[in-house]
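Data block below; observations after.
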Amino acid sequence: MGDLMAALEQRGCDMRGIQDRFLGDEAFYAECFEQFMSDEGFRLLGEQLCAHKVREAFDTAHTLKGLASNMGLTDLFNHLVVIVEPLRKGCDDGLLPVYEEMLACYETYRAL
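Sequential numbering from 82 applies to the sequence shown in my numbering.
Okay, here's the thing in structure tokens:
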């Protein structure tokens with residue numbers, strides 16, 4: 082098991098899901114992980130929330146949530162769920178602190 086996979090396992094990521102979805106191809110997963118960590122959606126989501134662009138923020142957060150799920154990043158996924166559900170209902174009240182928490186979680190993955 083590579084360093085990335087070991088670090089993800091330590092964080093409690095969905096290793097079984099990762100193995101199943103990526104057919105055990107750790108190199109391919111690492112490539113996808115790197116791309117996901119550089120996704121502009123994380124920055125864009127903050128801008129959209131600050132500008133109260135609820136529909137755009139929902140679309141961005143929903144996309145990131147799906148990617149986090151596919152990547153097996155359970156804690157990041159859980160943060161994004163907390164953001165997506167109010168946006169789905171058209172509400173962005175109080176989401177900036179939640180976004181900051183999600184961003185802190187995201188940054189810990191970027192550091193791997």
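Beta carbons: idealized from backbone N, C-alpha and C, even for Gly.
- Between the segment 169-176 and the segment 101-118 there are fewer than three C-beta pairs closer than 8 Å, too few to call the two in contact.
- Contact check for Thr-155 against Asp-95 passes: the beta carbons are separated by less than 8 Å.
- Here the alpha carbons of Arg-124 and His-133 stand approximately 14 Å from one another.
- About 6 Å separates the CB atoms of Ala-142 and Leu-126; that is less than 8 Å, so the two are in contact.
- A direct Cα-Cα distance of roughly 14 Å separates Val-179 from Lys-146.
- Within the same chain, and ignoring the five residues on either side of Phe-103 in sequence, the residues whose Cβ sits closer than 8 Å to its Cβ are Phe-109, Tyr-110, Cys-113.
- By the Cβ neighbour-count rule, Gly-153 is buried, with 16 or more other Cβ atoms within 10 Å of its own.
- Short of 7 Å from the beta carbon of Val-163, and not among the five residues preceding or following it, lie these beta carbons of its own chain, in chain order: Val-179.
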